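In my numbering, the protein residues as written are 22 to 209.
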């Protein structure tokens, strides 16, 4: 399904427990995970306050044809290359294949040129370094006398978000949080 108009809230479930909720705007899509997992565990509903939503549906047979004719569509929808990269990150090694595929649907990739910073207050979450190095400051410091240090590929740090907006701030992982994060070299 692709959202044409309105907003849709998608919730991912595991054993009836909601573990993730995503607000899908026009252009967002959901349902592709059912191609891998017959026990599709997401529920989608129109967001509160919306008059309704218009969705575009493509059935499985037509999707197969589209995937055969447009090779780039496969990665855009299924993100298998990204899932493969996530499987190599030590943080995710304990996850099952299905869980890594779900995670790949949720990840937003960023390419940062050397010297570019991340606005950690506006972009809370777990930042995983796929390639390159990030120079960090903050509570995550490995030794008390270090003002700044670098993390390389395979490592992660947490952006707490803005404490003035607790509904959009991280509530866990704060011992791994950074105050500043700047790409030392080109980094993904």
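We put the beta carbon where it would ideally sit given N, CA and C, even for glycine.
In this text the structure is predicted, and so the values were computed from the model without any measurement.
- Collapsing the DSSP output to three states places residue 43 in a strand.
- DSSP places residue 156 within a strand segment (E or B) once states are collapsed to three.
- In this structure, DSSP gives residue 170 an extended state, which the three-state scheme calls strand.
- Setting aside the 5 residues that flank it on each side, residue 201 is surrounded in the same chain by 158, each with a C-beta closer than 6 Å to its C-beta; the list follows chain order.
- Sequence-distant partners of residue 125 (beyond 5 residues in either direction) whose C-beta falls short of 7 Å from its own C-beta, in its chain, are 100, 103, 104 and 107.
- In the DSSP secondary-structure assignment, residue 198 is bridged to 179.
- Annotation: residue 52 to residue 42 spans about 14 Å, alpha carbon to alpha carbon.
- For the region 92 to 116, the continuous alpha helix (DSSP H) assignments of 4+ residues that do not extend past its boundaries occur at 92 to 99 and 101 to 108, in sequence order.
- Partner residues in the beta bridge of residue 203, as assigned by DSSP, are 138 and 156.
- Between residue 112 and residue 175, the alpha-carbon positions lie close to 8 Å from each other.
- Between residue 91 and residue 167, the alpha-carbon positions lie close to 50 Å from each other.
- Per DSSP, reduced to three states, the secondary structure at residue 122 is helical.
- Beta-carbon to beta-carbon, residue 67 and residue 29 are separated by about 6 Å, close enough to satisfy the 8 Å threshold.
- For residue 204, the number of other beta carbons within 10 angstroms of its own is at least 16, and it is reported as buried.
- Under the DSSP assignment, residue 28 falls outside any beta strand (DSSP E); it carries neither an H nor an E label.
- Straight-line measurement puts the Cα of residue 151 at about 25 Å from the Cα of residue 183.
- Taking C-beta atoms as the reference points, residue 94 and residue 87 count as a pair closer than 7 Å.
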